[in-house]
Amino acid sequence: MRPPSLVPWIGFAAAALAIAFAPTVADGGLLRLLSEVLITLAMAQMWNLLAGYTGLVSMGHQAFAGIGAYVLFVASDRLGISPYWMVPVAGLGGALLAALVAPLMFRLRDAYFSIGMWVLAEIVRLLVAKFPLFGGESGVPLQAVRLVEAESFQQNAFWISGAIGLAAVAGVYLLMRSPFGLGLMAVRDNELAATSIGVNVWRNRFIAFVLSGLGFGLAGGAHFMGTMFVSPDSAFDINWVVTAMFIVIIGGIGTIEGPLIGTVIYFGLRELFNTWFAMSGGWYLIAMGCIAIAVMLLAPRGLWGLARERWGWRGLSVQRHPPPRDEASLSAPLPPSTQGRTA
Amino acid sequence: MPLLEVRELCSHYGDLQALFDLSLDVAEGEATALIGANGAGKSTLIRAIAGLGSRSRGAIRFDGQAIEAEPAERIARRGIALVPEGRMLFPSLTVEENLRMGALCGRTGHWTLPTVYALFPILQEFRHRPATQLSGGQQQMVSIGRALMANPRLMLCDEISLGLAPVVIEQIYRAFGDIRAQGTALLVVEQDVTRACRIAQRVYCLLKGRVTLAGRASDFSAAQIANAYFGH
Amino acid sequence: MAWLETLINGVLLGGLYALFGLGLALVFGVMRMVNLAHGEFVVLAAYFAVFLATQFPGVSPLFFIAPVALAAFGMGYLLQRLLLNRAVATDDPLTPVLVTFGIAVVLRNLMVELFGADPRALDGGALATAGFEIGGLRIGWYPVLVLVLAVLAFGALQWLLQHSRFGLVVRATSDHREIVRTMGVRPRHVYAVVMGLSLAFASVAGLLLALRTSFTPFSGVERLLGAFEVVIIGGLGSFRWALVGGIALGVAQLVGQRLDSNAGALYAHLLFFAVLMVRPNGIAGART
Numbered sequence: 008m009r010p011p012s013l014v015p016w017i018g019f020a021a022a023a024l025a026i027a028f029a030p031t032v033a034d035g036g037l038l039r040l041l042s043e044v045l046i047t048l049a050m051a052q053m054w055n056l057l058a059g060y061t062g063l064v065s066m067g068h069q070a071f072a073g074i075g076a077y078v079l080f081v082a083s084d085r086l087g088i089s090p091y092w093m094v095p096v097a098g099l100g101g102a103l104l105a106a107l108v109a110p111l112m113f114r115l116r117d118a119y120f121s122i123g124m125w126v127l128a129e130i131v132r133l134l135v136a137k138f139p140l141f142g143g144e145s146g147v148p149l150q151a152v153r154l155v156e157a158e159s160f161q162q163n164a165f166w167i168s169g170a171i172g173l174a175a176v177a178g179v180y181l182l183m184r185s186p187f188g189l190g191l192m193a194v195r196d197n198e199l200a201a202t203s204i205g206v207n208v209w210r211n212r213f214i215a216f217v218l219s220g221l222g223f224g225l226a227g228g229a230h231f232m233g234t235m236f237v238s239p240d241s242a243f244d245i246n247w248v249v250t251a252m253f254i255v256i257i258g259g260i261g262t263i264e265g266p267l268i269g270t271v272i273y274f275g276l277r278e279l280f281n282t283w284f285a286m287s288g289g290w291y292l293i294a295m296g297c298i299a300i301a302v303m304l305l306a307p308r309g310l311w312g313l314a315r316e317r318w319g320w321r322g323l324s325v326q327r328h329p330p331p332r333d334e335a336s337l338s339a340p341l342p343p344s345t346q347g348r349t350a
Numbered sequence: 201m202p203l204l205e206v207r208e209l210c211s212h213y214g215d216l217q218a219l220f221d222l223s224l225d226v227a228e229g230e231a232t233a234l235i236g237a238n239g240a241g242k243s244t245l246i247r248a249i250a251g252l253g254s255r256s257r258g259a260i261r262f263d264g265q266a267i268e269a270e271p272a273e274r275i276a277r278r279g280i281a282l283v284p285e286g287r288m289l290f291p292s293l294t295v296e297e298n299l300r301m302g303a304l305c306g307r308t309g310h311w312t313l314p315t316v317y318a319l320f321p322i323l324q325e326f327r328h329r330p331a332t333q334l335s336g337g338q339q340q341m342v343s344i345g346r347a348l349m350a351n352p353r354l355m356l357c358d359e360i361s362l363g364l365a366p367v368v369i370e371q372i373y374r375a376f377g378d379i380r381a382q383g384t385a386l387l388v389v390e391q392d393v394t395r396a397c398r399i400a401q402r403v404y405c406l407l408k409g410r411v412t413l414a415g416r417a418s419d420f421s422a423a424q425i426a427n428a429y430f431g432h
Numbered sequence: 438m439a440w441l442e443t444l445i446n447g448v449l450l451g452g453l454y455a456l457f458g459l460g461l462a463l464v465f466g467v468m469r470m471v472n473l474a475h476g477e478f479v480v481l482a483a484y485f486a487v488f489l490a491t492q493f494p495g496v497s498p499l500f501f502i503a504p505v506a507l508a509a510f511g512m513g514y515l516l517q518r519l520l521l522n523r524a525v526a527t528d529d530p531l532t533p534v535l536v537t538f539g540i541a542v543v544l545r546n547l548m549v550e551l552f553g554a555d556p557r558a559l560d561g562g563a564l565a566t567a568g569f570e571i572g573g574l575r576i577g578w579y580p581v582l583v584l585v586l587a588v589l590a591f592g593a594l595q596w597l598l599q600h601s602r603f604g605l606v607v608r609a610t611s612d613h614r615e616i617v618r619t620m621g622v623r624p625r626h627v628y629a630v631v632m633g634l635s636l637a638f639a640s641v642a643g644l645l646l647a648l649r650t651s652f653t654p655f656s657g658v659e660r661l662l663g664a665f666e667v668v669i670i671g672g673l674g675s676f677r678w679a680l681v682g683g684i685a686l687g688v689a690q691l692v693g694q695r696l697d698s699n700a701g702a703l704y705a706h707l708l709f710f711a712v713l714m715v716r717p718n719g720i721a722g723a724r725t
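Quick look at the structure:
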């Protein structure tokens with residue numbers, strides 16, 4: 008691989024700085040919006056990790072977001088610990104659920120897998136709504152919010168969202184540049200070939216699946232901590248996945264930059280329709296849907312894929328490159344011991 | 201005028217060019233063989249004529265009419281039938297249903313279900329079996345029968361002897377006599393050079409997308425054919 | 438006694454589920470395409486039926502089945518011809534899923550914007566509540582009608598596919614869509630007709646749904662999952678088992694609801710899961 012350039016790291020550092028200083032310049036409303044953007048970005052990256060890099064399209068990842076949220080609420084309230092510390096636990100909750108269901112879900116292929124995941128999410132939602140432990144159908148407020156300072160809550164919630172967003176992007180980037188990432192993409196492209204070169208297909212998929220569950224759990228936990236209220240319908244809303252899917256499709260599936268671009272477009276469109284055109288909630292979704300359809304039919308690699316093909320842009324590329332060609336070494340004669348061994 | 205004239209045909213797979221200015225004739229009622237090593241472009245040529253493959257440049261004329269820009273559906277109705285490589289029978293259909301599919305383009309003539317069954321009697325026995333449950337040789341018969349049901353003037357046969365025992369191949373080739381007797385011309389892709397020269401009046405040898413030898417089979421020595429085949 | 442009634446009602450509800458799934462199974466079996474917008478078309482048909490009811494008051498909604506189905510057929514044909522054929526041609530199984538997903542979101546929100554989110558219903562008049570007694574059990578006419586229509590629809594489709602020339606063409610195209618072209622068949626047209634049929638069936642289900650219960654633009658996605666479960670339990674291309682699957686799901690839901698009110702759907706989902714784990718390709722299995 009080419010020696011990693013410094014540009015991505017400068018980008019990450021700049022983003023981290025921006026997140027750190029944002030609360031000083033942004034008001035409450037803007038902070039909430041930015042929190043949402045960062046959490047959505049994290050979910051999009053995680054969904055893309057599974058769909059774009061592993062080849063598993065899940066329509067049930069809202070299960071992990073919801074579980075993360077509920078774990079945070081219940082653990083925080085029952086144990087009397089500040090919800091800030093429960094965010095990682097929310098992630099663990101998502102990861103645990105993913106680890107539990109993976110052996111079942113991996114028996115399914117393609118569309119069966121996608122819909123199976125959706126059914127799984129519905130089962131989890133119905134189960135959660137049944138038990139009074141979780142507050143039932145109408146939901147439960149975050150009582151543990153009493154344990155934290157009211158003034159700094161919004162700021163802290165924002166920083167947590169920012170950390171999750173940044174970690175998601177950086178994490179996926181690092182993961183895909185690692186040998187594990189290479190193995191993952193090999194499995195996605197050709198399972199049989201990957202197996203024949205010794206890649207453990209099941210293990211790779213499992214790890215990616217659990218990581219995506221972790222990511223969604225963290226995101227779900229952080230989001231609902233911010234809203235301070237959770238209910239089964241909102242926690243397990245399919246729109247979590249709808250949003251992630253749109254973002255990834257439009258931005259570019261199987262790339263790091265894709266979800267970034269897609270998130271910008273998503274929120275840009277939403278603000279455009281809600282604020283500038285003053286058209287109510289549904290219209291931006293209609294626009295988003297039409298764009299997604301057009302992109303899928305005309306530019307299946309998404310907008311970033313188009314930019315890469317047309318203008319050769321590179322950003323956070325995880326592509327491998329062969330070592331530079333050395334003409335001298337190619338035409339050198341074979342050492343004597345290998346001659347005569349070619350069958 | 202030849203029944204089929206191919207002139208300077210070029211065909212591509214994406215950016216890769218597979219046929220280079222290829223020209224070929226098939227005369228009415230005659231059997232013409234296409235020989236050549238794997239990857240020479242024989243199947244590519246067959247598919248291009250049938251309208252399934254790319255025809256990026258050049259002309260194809262059937263009975264004097266230009267067909268290089270026509271879709272496969274239209275070419276089928278003109279009377280060109282394909283016996284595809286790998287047989288490509290419809291697994292969801294029975295033997296008889298496969299045969300009936302061949303007749304869909306609406307051309308009438310000598311070949312109907314009874315006459316096809318007369319040509320390949322074993323098929324009548326299995327007519328209601330799912331087509332892919334038959335042996336390789338029997339499936340090949342179904343595939344040929346399916347093409348015959350279109351009463352074609354030209355039948356394109358792509359590697360029909362692949363994977364079959366010599367005895368079975370002989371059986372199938374014997375049917376070619378009856379097929380030609382009804383006026384159908386044949387363009388046959390055949391790996392076995394000897395057999396190709398035996399059944400065909402004309403032979404074309406392809407190498408890397410170009411014709412390296414063309415003419416009456418009896419005009420060439422084995423050495424000449426080998427040269428054209430391997431390109432020395 | 439009450440259990441028997443629950444069982445029978447479950448079977449009858451299953452008929453409705455099976456009808457939802459029929460169009461989906463058809464498209465899934467012929468084109469290997471997952472139509473995530475199927476539910477939205479069901480609801481769209483319901484809105485159309487309601488519109489017709491306001492235009493022609495006093496006419497029994499059952500008379501609307503023909504115009505609604507015809508309109509749906511036309512819509513399906515155009516949709517496939519103009520948009521979805523491109524998606525299927527890419528040979529990537531993901532593309533049609535994502536494209537129909539986009540269509541679903543667009544349609545759903547368009548319906549909200551145009552028709553509002555308030556629940557609507559179709560007045561079935563006497564039919565909706567009429568019933569008959571048999572052996573001490575009370576059974577409604579409407580659910581029986583639905584089951585009968587479902588069985589008829591499945592039977593008609595099965596007959597069409599196995600015994601008609603069009604069915605022959607459809608099955609062959611589903612096997613090898615390129616080779617059929619050398620027999621004069623136009624796959625794009627075949628796919629469009631199949632999609633038209635699929636939406637026609639969906640529209641009948643939509644009209645019947647509107648008679649039974651109130652609906653909103655979101656009723657489609659709520660029902661879609663059940664429809665998929667029907668299809669998947671049946672296995673690729675098997676309508677017989679899809680019908681059985683639908684009935685089983687209906688029974689599971691109502692029995693579950695008796696045991697544990699509020700969570701009826703949970704038991705249907707669990708049954709689906711159990712079947713899928715034992716037979717990951719559905720009961721009939723996948724065709725190679």
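Chains as they are written, first to last, in the working numbering: chain W, 8 to 350; chain X, 201 to 432; chain Y, 438 to 725. Backbone N, C-alpha and C fix where the C-beta goes; we use that ideal spot for every residue, glycine too. Bear in mind that the values here come from a model prediction, so they are computed numbers and not experimental data.
CA-CA distance, W/Ile272 and W/Ile263? A straight line joining the alpha-carbon of W/Ile272 with that of W/Ile263 spans about 15 Å.
Host beta strand (DSSP E) of X/Glu285 (start-end): Here X/Glu285 belongs to no beta strand (DSSP E), and DSSP marks it neither H nor E.
Quick check on W/Ile88: does DSSP put it in helix, strand or coil? coil
Contacting positions in the stretch 590-606 of chain Y - beta carbon closer than 9 Å to chain X: Arg602, Leu605 and Val606
Just to make sure I have the definition right: I need the residues of chain Y whose C-beta is within less than 8 Å of the C-beta of X/Phe262. Which are they? Near X/Phe262 there are no residues of chain Y at all, since even the closest Cβ is about 14 Å away, more than 8 Å.
Assign Y/Arg575 to one of three DSSP states: helix, strand, or coil. strand
Output needed in chain order: residues of the stretch 286-305 of chain X with a Cβ under 7 Å from some Cβ in chain Y. Met288, Phe290, Pro291, Ser292, Leu293, Glu297, Arg300, Met301, Gly302, Leu304 and Cys305
Kindly indicate if chain W contains any beta-carbon less than 8 Å away from that of Y/Thr532. yes
Cβ closer than 7 Å: which chain Y residues qualify as neighbours of W/Ile272? Correct list: empty, because the minimum Cβ distance to chain Y is about 14 Å.
Look at the alpha carbon of Y/Ala567 and the alpha carbon of Y/Ala554, and state the distance between them as a whole number of angstroms. 29 Å
Could you list which residues in chain Y have their beta carbon closer than 9 Å to that of X/Glu359, in chain order? Residues of chain Y passing the Cβ test: none, with the nearest at roughly 15 Å.
Can we say the stretch 629-649 of chain Y touches the stretch 451-460 of chain Y, given the rule of at least three CB pairs closer than 8 Å? yes
Using C-beta distances below 7 Å, list every residue in its chain close to W/Ser238, excluding the 5 sequence neighbours before and after it, in chain order. Listed in chain order, the non-local C-beta contacts of W/Ser238 below 7 Å within the same chain comprise Ser145 and Gly146, local neighbours out to five positions each way being set aside.
Run the CB neighbour count on Y/Asn699, radius 10 Å, all protein chains shown included, and call it buried at 16 or more, exposed below. exposed
Considering only the beta carbon of each residue, do Y/Leu499 and Y/Val583 sit closer than 8 Å? Taking 8 Å as the Cβ cut-off, Y/Leu499 and Y/Val583 do not qualify as a contacting pair.
Taking the alpha-carbon positions, what's the X/Gly251 to X/Pro271 distance? 6 Å
According to DSSP, Y/Asp555 sits in a beta bridge with which residue or residues? Residue pairing by DSSP places Y/Asp555 in no beta bridge whatsoever.
Below 8 Å on C-beta distance, what does Y/Val641 contact in chain W? Per Cβ cutoff of 8 Å: no residues; Y/Val641 is ~23 Å from chain W at best.
CB of X/Val342 within 8 Å of CB of X/Val295, strictly: Going by beta carbons, X/Val342 and X/Val295 fall inside the 8 Å limit.
Spatial distance of Y/Trp578 from Y/Leu441 (CA atoms): 17 Å
Is the separation between the beta-carbon of W/Gly259 and that of W/Leu104 shorter than 8 Å? no
Cross-strand partners of W/Arg212 (DSSP beta bridge): None, per the DSSP bridge assignment.
What does the alpha-carbon distance come out to for the pair Y/Val549 and Y/Pro654? 6 Å
Go ahead and label W/Asp84 buried or exposed: buried means 16 or more other beta carbons lie within 10 angstroms of its beta carbon, across all protein chains shown. buried
Counting only beta-carbon separations shorter than 8 Å, does W/Phe299 have a partner in chain Y? The sequence given here places Ala at residue 299 of chain W; Phe does not occur at that position. Yes, contact with chain Y.
For a contact meaning CB atoms closer than 7 Å, what does W/Val249 contact in chain Y? Val542
Closer than 9 Å, Cβ to any Cβ of chain Y: which residues of the stretch 245-278 of chain X, in chain order? Ala250, Gly251, Leu252, Pro271, Ala272, Glu273, Arg274, Ile275, Ala276 and Arg277
So what's X/Gly258 in DSSP terms, helix, strand or just coil? strand
If contact means a Cβ-Cβ distance below 8 Å, which residues of the stretch 106-122 of chain W contact chain Y? Leu111, Arg114, Leu115, Arg116, Asp117, Ala118, Tyr119, Ser121 and Ile122
Please list the partners that X/Pro314 has in chain Y, where partner means a Cβ-to-Cβ separation under 7 Å. Going along chain Y, no residue has its Cβ under 7 Å from X/Pro314, so there is no contact; the nearest lies around 19 Å.
What does Y/Thr527 touch in chain W if you count any residue whose Cβ is under 8 Å from its own? Pro307
Quick check on W/Met192: buried or exposed, where buried means 16 or more other Cβ atoms within 10 Å of its Cβ? buried
Mind reading off the beta-carbon distance from X/Ala331 to X/Pro291? Whole number of angstroms is fine, and I expect it under 8 Å. 7 Å
Closest residue to W/Leu140 among W/Val78, W/Val94, W/Gly123 and W/Asp244 (Cα-Cα distance): W/Val78
Interface residues of chain Y around W/Val179 at Cβ under 9 Å? Going along chain Y, no residue has its Cβ under 9 Å from W/Val179, so there is no contact; the nearest lies around 20 Å.
Contact belief for Y/Met632 with Y/Leu516 at Cβ below 8 Å, rounded distance in angstroms: 6 Å
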